[in-house]
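Just so we're aligned: 699 in this note's numbering is position 462 of the first sequence, and the numbers increase by one with no gaps anywhere. Only one structure is covered here, and it is reproduced in the block below.
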Amino acid sequence: MTSILEQLKDSVSQALVSAFGTELADTDPLVAPTNNPKFGDYQSNVALPLAKTLKQNPRAIAQSIIDHLQLEEMCEAPTIAGPGFINFMLKTDYISKLLAKIQPDERLGVPQVEPAQKVIVDFSSPNIAKEMHVGHLRSTIIGDAIARILEFRGYDVLRLNHVGDWGTQFGMLIAYLREAYPEALTTADALDIGDLVSLYKKAKVRFDRDDQFKQTARQEVVKLQAGAEDSRHAWQLLCDQSRKEFQVIYDLLDIKITERGESFYNPFLEDIVSELEQKGLLQTSEGAKCVFLEGFTNKDGDPLPLIVQKSDGGFNYATTDLAAIKYRVKEDGAERIIYVTDSGQANHFAGVFQVARKAEILPDTVEVVHVPFGLVLGKDGKRIKTRSGETFKLKDLLDEAIAHARQDLATRLQEEAREETPEFIDHVARVVGLSAVKYADLSQNRTSDYKFDYDKMLDLKGNTAPYLLYAYVRPQGVSRKGNIDFSQLDTNTSIVLTEKAELALAKHILQLEEIIKEVESNLLPNRICLYLFELSQKFNQFYEQCDILEAKEPQRTSRLILADLTARTIKLGLSLLGINVLERM
RNA sequence: GGGCGAGUAGCUCAGUGGAUUAGAGCAUUUGGCUACGAACCAAAAGGUCAGGGGUUCAAAUCCCUUCUCGCUCACCA
C-alpha cells in the first residue's frame, strides 16, 4: 500500500497543479508530520514559499490548494493556521480501515520494491590475525541492520566481508610462523595457533627490533605474492584460524556474511593500473604510480595523489578498492554499493570514487555510498585504541553484556519470588544482553562518536532494547492470560478508536512504512529505533489507560487487535535491526 | 596550515528538504500495584541550541566569522 504521507504528498501536488497550473507539477508539496498534535497529524507548508513566486497572500494560496484537494476519505476538512500552514487531521474511520487492511498482512502493509535492484553492502571487514575490536562491532551491527532493512524491502542484497587478508603484514607473520612453529607449515592441523593476536604481537616485536628478521619478512612477502606453495600454505593457515575466531562473533550476533577478502582481487590489480594508464590518468611521482585528485590538497596546497602502485611495485588498498568496484559493477551487477566503515576513511573513499568515475570503472547509473560512523570512545570520552595496550576483546565484551543481563534477571526473579528454568534464564540473558549492545549502537545517529559505556548500554530503562522487549512481552502476557490466539482474532471486527491513547497508538502503527522507506534512502537505522521507542511508549500509555481483557465487545477484540499489531510491529522492526524478541522475560 | 565532522538540559542523545511554544531518556523531586507482569505510567524541575554577524515573513537548521574538540593529510588498511 501507499503510505499516508505519500498519499498526502500526491494529493497536494495534484491540487497545486489544478489550482495554479502545470508549472508547479515538480514543486515539493512540503508535507510532513506535525511536531505538535494540536496542529493535526500532517501539515503542508508549501503555501509560504509560493507566496513570492505567485505574488499572492500565503493564506489565500493555502485556501486555493484546499479548494482543489480531494481528501474527504482520509482527512477531516483541512484547516489553515498561522501565516498559511495547511493542517491535516486523519479521519478515525480511515485509520480503522487501514489497520484492518494491514492486520492480516505479515509485512504489515510495507510493500516490496519492484524490480529488485542489486545492492552490495560491504561491512564488518576485520583484519586477519588481528583482534576484532569495537570499530568492527559498529560496522558489523550497522551493516547488518542496513542489509536486513534492504532485504526486507525486497532488494537483492549481497553482503560482503572485505576482510584484510592480504598485505605486507603477512610477510612478518609467516616469517615468524616459520621460526616459531615450523611444523605447522608442513603437517596438516599440526598446531592450534590459538591466540593469533599474541602471535601477531610477538611477530611485531621481532620485526621492530631485528633487522635480519625484517629482511626475512620482506622476502616472505615477495614469495607469497609470487605464489610459493609453502608461503601460501602458511597464509592459508593464518586465514583459517582467524576465520574461526571471527565466526564465533558472527554466530553470537547472528550475522550472515559472505567472505570475499582483499586477496580475491589480486588477479585484477595489474589490469586496473594499466587501465588507468591507458586512460591517461596515471602519473609517476616519487617512484609511485598515482592519480592526482581534484579537490584534495596536502599541507603545502599541492594536489594529493591516490597511489595505486607503490614505488616498490606493490599494490595497496586503493588499487584493491578500485578493482573491487569494477568487479562488483561488472560481475556482480551491483546498482548500489554501500560501504560501512568508520568516518576516518571518508577521504580515502572520496578519492577512490572520484578516480573510479573518471576511469569509467564506475558508471553514472551505479550509486556508491560511504556510510560512515563515528569513533568508539571509552567512558572517559577518549578514543579506545587497541594499540595502546588495552585490547578490547569483542567476545569478552559480549559475554560481559550477557552476564550483566543475567545478573539483572536474577535480582528481578528474587524480588518477584519467581522461579524459572536454567534454560529460560540462559536464553533471556543472552537475548537481552546482545540486544542491549546492538541497540545501544544502532539507536544513536551513527555519524556521531559513540561512547561505549557498559552501564549505559545495559541500563534496562529508557530508550533501550529491554524497554522495547518489554513492550513486546506485555501483549504476549495478555494473550496468555486471556487464553487468546492473536492469529485467530476476528478480522471482521471493526476497530474502534474512542480513547486518545488508542488513537495515538493506531496512528503510530501506521507510520511504519514511511519510516522504513526513509531509512532505505538515508541509511540511518536510529530512525527505526526512535520509531519503535515511541511506539512502545504509546503502547504502554494505551495499556495503562485502557482495559483490554475486561473491555466489552466490540472494544475488547478491537483492543486485542491493537495490542497484536503493536507487538508484530515491534517484532518486525527489531528484526530489521538484527534483534530477536522474547515471549517472556 | 588544508580537508572533513562535531559543539543542543547536570549526563547520554533526537531534531537531514526553514515554519507555530526547542524534544526524549537517565539522574533529581513527587504521586500511582486488593495486578491484562510496575523492566510500567503520571507530574514537576531543568536550555541565550558554543560566541558574534548575515539572509528571510520565519533559523538549532542556510551563509560568513571566531572559539573549542575530534578525525584526517602520498607509498598501512
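Don't be surprised by glycine CBs; every beta carbon is placed ideally from N, CA and C.
Three-state class that DSSP yields for residue i in the structure shown
i: residue 476; result: helix
i: residue 395; result: strand
i: residue 371; result: helix
i: residue 324; result: strand
i: residue 552; result: coil
i: residue 255; result: helix
i: residue 388; result: helix
i: residue 264; result: coil
i: residue 625; result: Below a pLDDT of 50, predicted positions are generally treated as unreliable, and residue 625, at 39, falls in that range; no measurement from the model is reported.
i: residue 466; result: helix
i: residue 660; result: helix
i: residue 665; result: helix
i: residue 771; result: helix
i: residue 495; result: strand
i: residue 790; result: coil
i: residue 296; result: helix
i: residue 673; result: helix
i: residue 420; result: helix
i: residue 820; result: coil
Best match in the options for proximity to residue i [C-alpha to C-alpha]
i: residue 358; options: 577, 618 and 566; result: 577
i: residue 733; options: 323, 291 and 334; result: 334
i: residue 545; options: 341, 322, 538 and 557; result: 557
i: residue 444; options: 519, 764 and 405; result: 405
i: residue 630; options: 727, 547 and 434; result: 434
i: residue 450; options: 409, 596, 703 and 607; result: 409
i: residue 373; options: 642, 398 and 797; result: 398
i: residue 492; options: 280, 379, 617 and 343; result: 379
i: residue 240; options: 549, 349, 274 and 318; result: 349
i: residue 589; options: 614, 568, 567 and 531; result: 531
i: residue 308; options: 318, 245, 418 and 277; result: 245
i: residue 253; options: 299, 272, 270 and 279; result: 299
i: residue 332; options: 595, 744 and 647; result: 744
i: residue 318; options: 464, 503 and 281; result: 281
i: residue 432; options: 475, 554, 402 and 401; result: 475
Residue environment, residue i, which counts as buried when at least 16 other CB atoms sit within 10 Å
i: residue 421; result: buried
i: residue 716; result: buried
i: residue 478; result: buried
i: residue 782; result: exposed
i: residue 649; result: exposed
i: residue 375; result: buried
i: residue 290; result: exposed
i: residue 315; result: buried
i: residue 626; result: Bear in mind that the predicted position of residue 626 carries a pLDDT of just 47, short of 50, making it too unreliable to give a figure here.
i: residue 644; result: exposed
i: residue 524; result: exposed
i: residue 352; result: exposed
i: residue 624; result: Reliability fails at residue 624, whose pLDDT of 39 lies under 50, so the model's placement of it is uncertain and no value is given.
i: residue 499; result: buried
i: residue 773; result: buried
i: residue 456; result: exposed
i: residue 613; result: buried
i: residue 822; result: buried
DSSP beta-bridge partners of residue i
i: residue 525; result: 522
i: residue 359; result: 397 and 576
i: residue 766; result: Per DSSP, none; premise fails for residue 766.
i: residue 828; result: Because the chain in this structure spans residues 238 to 822, residue 828 falls outside the shown range and cannot be described.
i: residue 269; result: 280
i: residue 364; result: 401
i: residue 312; result: 327
i: residue 614; result: 620 and 688
i: residue 317; result: 323
i: residue 609; result: 578
i: residue 546; result: 526
i: residue 604; result: 573
For residue j and residue i, believed in contact at Cβ under 8 Å, the rounded distance
i: residue 542; j: residue 529; result: 5 Å
i: residue 635; j: residue 671; result: 7 Å
i: residue 603; j: residue 653; result: Actually they do not touch by this definition, with Cβ atoms about 56 Å apart.
i: residue 749; j: residue 285; result: With a Cβ gap of about 30 Å, residue 749 and residue 285 do not count as contacting.
i: residue 641; j: residue 695; result: 4 Å
i: residue 483; j: residue 813; result: Contact doesn't hold; Cβ gap of about 23 Å is too wide.
i: residue 797; j: residue 746; result: No, residue 797 and residue 746 are not in contact; Cβ-Cβ is about 14 Å, not under 8 Å.
i: residue 505; j: residue 564; result: 7 Å
i: residue 583; j: residue 562; result: The Cβ separation is near 17 Å, so there is no contact.
i: residue 611; j: residue 685; result: 5 Å
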